[in-house]
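Engineer:
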Amino acid sequence: MTLEALLWAVISGFLPAILWLFFWLKEDEAPEPNRLIFLAFWAGILAIPAALVFSSVWMTFVRTFFGLSLSTTHIGLMLVVGFAFIEEVSKYAMIKSFILWRKEYDEPADAMIYLIAGALGFAAIENVLYLIGPYGLGFSDGFTVSNLRFIGATPLHALSAGILGYFIGGSFFRSTLRKEIALGVGLFFATLLHALFNILILMREGYDPAPALVLLGTVGILILFAFERIKHKLYTYYA
Numbered sequence: 062m063t064l065e066a067l068l069w070a071v072i073s074g075f076l077p078a079i080l081w082l083f084f085w086l087k088e089d090e091a092p093e094p095n096r097l098i099f100l101a102f103w104a105g106i107l108a109i110p111a112a113l114v115f116s117s118v119w120m121t122f123v124r125t126f127f128g129l130s131l132s133t134t135h136i137g138l139m140l141v142v143g144f145a146f147i148e149e150v151s152k153y154a155m156i157k158s159f160i161l162w163r164k165e166y167d168e169p170a171d172a173m174i175y176l177i178a179g180a181l182g183f184a185a186i187e188n189v190l191y192l193i194g195p196y197g198l199g200f201s202d203g204f205t206v207s208n209l210r211f212i213g214a215t216p217l218h219a220l221s222a223g224i225l226g227y228f229i230g231g232s233f234f235r236s237t238l239r240k241e242i243a244l245g246v247g248l249f250f251a252t253l254l255h256a257l258f259n260i261l262i263l264m265r266e267g268y269d270p271a272p273a274l275v276l277l278g279t280v281g282i283l284i285l286f287a288f289e290r291i292k293h294k295l296y297t298y299y300a
């Protein structure tokens with residue numbers, strides 16, 4: 062790996078995440094402090110080591126205890142779902158630790174904004190890790206993979222975080238029990254989207270991302286409507 066390949070991987074990894082971050086920030090009618098958006102983005106980056114460690118533990122566990130009793134397909138499915146869940150929990154845990162206890166977290170829609178910002182920080186580093194190899198083979202290979210991640214994996218992280226943020230925001234004024242239930246439901250649907258996207262990519266062996274992209278486009282439209290709905294929850298509550 063050359064320094065030039067690493068540099069292109071970093072640029073191509075962070076640029077899509079930053080562009081998508083600006084897109085979602087424009088949807089916020091009451092912008093959050095820039096320092097907290099920046100902190101959320103870096104909290105997502107810090108979730109990468111935890112996700113890698115727990116993913117490795119999950120892989121070892123599945124292969125050790127189920128390697129001889131389940132088919133390759135079932136083992137693969139367990140790994141894909143487990144990896145998706147681990148990533149969603151890791152992103153949430155970091156944002157909760159760094160952001161969701163602060164006084165600035167004072168509106169239902171804030172949960173969506175901060176979780177999306179953190180997810181895009183996570184995606185930026187994941188992009189870099191995936192792009193180092195292709196850029197090492199040549200700029201054309203790296204650029205092709207970078208474009209696919211711009212329209213695929215990067216918005217996937219934002220949308221799955223948006224789903225979780227919507228459920229958390231929806232329980233903003235509810236009891237502790239309702240908040241915990243909303244968190245569990247949000248993690249379920251975030252993991253479901255994440256896993257379905259990866260399964261669709263694997264089924265097509267990466268050569269035909271169209272079904273996965275259609276899934277993202279559909280969910281993206283729903284998340285935009287959900288974001289509009291959650292933005293007005295505060296005013297409805299105090300009306």
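When you line the sequence shown up against the working numbering, it's residues 62 to 300, in that order.
Don't be surprised by glycine CBs; every beta carbon is placed ideally from N, CA and C.
1. When DSSP labels each residue in this structure, what does F146 get in the three-state scheme?
2. Measure from the alpha carbon of K157 to the alpha carbon of each residue in L131, M173, V142, F211, then state which is nearest.
3. Is the region 123-139 close to the region 228-237, with three or more CB pairs under 8 Å?
4. Is A287 near Y227, with beta carbons less than 8 Å apart?
5. Is it true that the CB of E187 sits closer than 8 Å to the CB of A145?
6. What ranges does the alpha helix (DSSP H) occupy inside the region 191-257, keeping only unbroken runs of at least 4 residues that lie completely in it?
7. Using alpha carbons as the reference points, say which of A273, D167, E168 lies closest to A256.
8. Once the 5 residues before and after I229 are set aside, which same chain residues still bring their CB inside 7 Å of it?
9. First and last residue of the alpha helix (DSSP H) that includes W69?
10. Measuring CA to CA, which of L285, E241, H293, Y191 is closest to S207?
Structural biologist: On the basis of the supplied data:
1. Start at 1 with the first residue of the sequence shown, and residue 146 comes out as number 85. It is helical.
2. The residue given as residue 157 occupies position 96 in the sequence shown. Checking every option, the nearest Cα to that of K157 belongs to M173.
3. no
4. Locating residue 287 in the sequence shown gives position 226, where the first residue counts as 1. Locating residue 227 in the sequence shown gives position 166, where the first residue counts as 1. Cβ atoms of A287 and Y227: closer than 8 Å.
5. On the sequence shown, residue 145 is found 84 positions in, with the first residue counted as 1. On the sequence shown, residue 187 is found 126 positions in, with the first residue counted as 1. Contact: no.
6. 200-212, 214-231
7. In the sequence shown, counting from the first residue as 1, residue 256 sits at position 195. The shortest Cα separation from A256 among A273, D167, E168 belongs to A273.
8. Translated into positions along the sequence shown, residue 229 becomes position 168. Same-chain partners within the cutoff: A172, A243, L244, G247.
9. The residue you call residue 69 lines up with position 8 of the sequence shown. 64-86 is the extent of the alpha helix (DSSP H) around W69.
10. Taking the first residue of the sequence shown as 1, we reach residue 207 at position 146. Cα-wise, what sits closest to S207 is Y191.
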